[in-house]
Structures are given as C-alpha cells and as structure tokens.
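Residue numbers (our numbering): 33 to 504.
Note that the Cβ used here is the ideal one computed from N, Cα and C, for glycine as well.
Nothing here was measured: the structure is a model prediction, and the numbers come from that model.
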C-alpha cells in the first residue's frame, strides 16, 4: 500500500495501512483475505470523487501536488509488514518542484537526474537515499527471522509467553547502501552541489560528516560544511550552516556542499557517526559509541575531478529563500504519550511492544493499541499543538500523515524549554521525540478523513507504535 510520505492528500490516496491489497493472482490460498478492512471503503470513495475504478489487485491514487516544493518520498505502508517491504526495496524519491515556494532555475545547483537523460550527462543536484542492509554471501538480502538476533532471547514465545517470536525491536544492518549501491564512489567537480538527503533506514539514525579519511578517529574533524536550505516541507526560512547533519529515519535534509576549494584528485568521504543501536540523543564518543568506522561508519567516497563548466549558481551565504508563513494560533493542545512495555509474564524481558497513547490527569501515560478507539480527532481546519511525552529510553522519529507541521520546542523534565533547532524552523512531517522529553508540534488539519501517526522506526511501527486519527 503506497504512502506518499510528506504529501497532503485525501484519505483514500494516503496509503492507509489497513487498505492493503494482494496481487491479482490466480494462486492465492483459499480463505485468504485479498484486501484490508478499509480497501473497499476507500475504493468507493475514490471512484465517487475522481471517477476512476480500482481493479482486482490494484489501487489508483490522486496526488494534487499542490504543496510547497519539497523532497518527498514514497514507500509501502501495509499493516504489520512495512519494515519488510521497505527493506526489500519498496521506496523511492518524489521531488516536487515549482510554485511560489520554489526558486528560479539557475539559482541552485542543477540539473537533477531525469528519465530519458543521455548517457554521461553531468548532474549537480543529486538525491541520496541512505539505507543500512545486510546480505547473504550470494548477495541476497538478509533480514533476521526471529527475535534471538536482536537480544539473544530464545523463548518461551507466544503462546507460552507474551513475546512474539518474529519481531525484532530494531534492526541495524552491517552494510551501508546509497541509492541501491554499497559504499559507492561519486565523482564531483570543484563547485557547488545540491544533495537531497533521505534517511531510508529501518531503525538507524545517521549523523553525517564529510571528512578526509574514512577511518579517522571518531568524532572526526569535518573537512567541509553542509549548508542546509530545506527539510521535509520545503525551504527553510534561511540557510543554516552545519558541520554535521543528524537525520532520523524518514527525515530529509536539502543541503548544498561547496567543493570549490578542494584540489582536483582529492578523495573525501561521507561518513556516519550515529550509533549501531537505537539512538538516545547526546554526542558521539561521549554519550554513545559511533558506528563502526570500517563498515556502518562509511557512506560513500567523493572523488574530486576537473571542472567542466563554470559554476554560476548563487553562493549559500547570498541565498534568499522563499518566504515562510508560520501557522496561526492553536485552538487546542493534545497531550500524547510514547511508551514501551516489557513482558507481563517473563521478568526482565523486553521490550514487548511500543505504544502511543494519551496522558491521564496526573500526567501518566495511557498506552493504546492500533485497534483501540480513535482519540485524536481534530476539527476540519483546526490548528492544534500536539505535546509528545516520551516515556521510553530511545529517541523516536514521529511522523504525522496528511500535514506539514512546525516543531515548536522541547523540554526535558526539570529543565528549561529549548526552541526548535535552526534546521527545524521550516515545515516538517517527521520530528525527533527525545527520551524523557516533551516535544511540541503545531499543525493545521485541513483535509477531512482517516489518517495515521506513528514512529518511523519501522520495527516499532509494525508492533503497535502507530495510531489512527480522524479529521472532521
């Protein structure tokens, strides 16, 4: 079931997780459901609204493409198996261009790859989907078949306990893949490049740097900065220079890197200093061990070759980005929770599942499952603030379908409120909720329908940390 991640579309075109469908095959086993419980309802709504009928084994979606120029992506969203389908490759970029929130041609580095381009064409805008994978010796994908790969737990499993045998709380591959290639080499000229960065990993946070040596001691000294100009919802209010880019699963960062000062023949490296386990915040080398420099600590090599044409793009320090209109006053504040549950039958075994929910009047979490009654139901057109209270030990990338929100601030228990980071000042669809903190998001819900919000660590999403919500 395809979800256009970041798109603001009507409910039947959002890729609702219970509107899945099987292929129109002739060998489906007797008694198997061919469609999810919301497929027929959304099929009828789509035909009534747009006049196109869905057939057996397919669905048709309508994307208005009326959003701000942005870096979107699309991926499978089938209930309970999103982690497997995205890992198998059902994901890709969807770049939206034009409109009043874009810049004229020639201001930023380009062109970007397009269908039908002649061989050998030079590109200066390059989408980079970064993922971690593991492989069998024959080159096929490896994904652990059971929980024992995660923490060594070997049972008892359901029905003799409440621990599911096939779910891994997180997955971390041992190989880094960029645009489908393991540890690739990108030849760049001494000029400015625009990189559309996507963290397409299942569970891994990335902390990206450009350095001179792939095995440099971590944390490594950056060789070149990134100038971030956009996030998930399009351009930022102003460019932000960064020595490193923290990017959670599903987040995107639109950055410019200037290689003009680097001599021809130089080799640089895009590395990762995020951990080889669940991210909890903090600094590499101080609060956690960075990724293995030999494997998951390397993303790709950058080789500087001769300049073939002059760079006439605008330097980042001189860029004037499209105007940004912040959202208006909120009419309601919702207090929401992230929880982790251990086994109720086996001591010291967990996590068993991750749960979203609300808070009671004392500020304690009220965890809820996917199929519990809907508790988030904004009125059509309402602007709300959602306070995400994270009671777990991990940082969770929270994604809300249908909207582009603003990150307002965060607050750790007993500490002063911190405003959103400079690179979070634009519109976003995914935000990091740090452990022990309250993360406040503001959104306007201007499309009626049934949608979802969830953690985008896909192993978490597939085991209950996802909830439906309704607008109107």
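- When rounded, the separation of the alpha-carbon atoms in residue 501 and residue 406 is 6 angstroms.
- The three-state secondary structure of residue 81, taken from DSSP, is helix.
- For residue 231, the enclosing beta strand (DSSP E) stretches over residues 224-231.
- Excluding five sequence positions before and after residue 120, the CB atoms of its chain that fall closer than 7 angstroms to its own CB belong to 173, given in chain order.
- Under DSSP, no beta-bridge partner is assigned to residue 455.
- For residue 350, the number of other beta carbons within 10 angstroms of its own is below 16, and it is reported as exposed.
- Counting only runs of 3+ residues, the beta strand (DSSP E) found wholly inside the segment 315-392 occupies 330-336, 364-373, 385-391, in chain order.
- Between the segment 334-349 and the segment 216-231 there are three or more inter-stretch CB-CB distances shorter than 8 angstroms, so the stretches are counted as touching.
- With respect to the 8 angstroms criterion, residue 439 and residue 448 are not classified as neighbours on the basis of their beta carbons.
- Residue 265 places its beta carbon less than 8 angstroms from that of residue 460.
- Per DSSP, reduced to three states, the secondary structure at residue 249 is coil, with no helix or strand assignment.
- In this structure, residue 274 sits away from residue 295, with a CB-CB distance that is not shorter than 8 angstroms.
- Using a Cβ distance threshold of 8 angstroms, residue 127 and residue 97 do not count as a contacting pair.
- The alpha-carbon of residue 475 is positioned some 21 angstroms away from that of residue 132.
- In this structure residue 401 is exposed. Its beta-carbon is surrounded by fewer than 16 other beta-carbon atoms within 10 angstroms.
- Nearest neighbour of residue 101 by Cα position, chosen from 262, 53, 163, 248, turns out to be 262.
- Beta-bridge pairing by DSSP links residue 185 to no other residue.
- A buried status is given to residue 37, since no fewer than 16 other beta-carbon atoms sit within 10 Å of its beta-carbon.
- The C-alpha of residue 441 lies about 19 angstroms from the C-alpha of residue 390.
- Between residue 454 and residue 276, the alpha-carbon positions lie close to 13 angstroms from each other.
- The straight-line gap separating the alpha-carbon atoms of residue 150 and residue 456 is approximately 37 angstroms.
- According to the DSSP assignment, residue 301 belongs to no alpha helix (DSSP H) but to the beta strand (DSSP E) extending over 299-304.
- Here residue 118 is not near residue 206, since their CB atoms are 8 angstroms or more apart.
- The beta carbon of residue 165 sits closer than 7 angstroms to the beta carbons of 173, 205, 207, 209 from its chain, once the five residues preceding and following it are set aside; these are given in chain order.
- Listed as beta-bridge partners of residue 400 by DSSP are 388.
- Looking at the DSSP output, residue 109 bridges to nothing.
- Looking at the DSSP output, residue 485 sits in a beta bridge with 432, 499.
- When Cβ pairs closer than 8 angstroms are counted between the two stretches, the segment 177-196 is seen not to touch the segment 306-318, the count staying below three.
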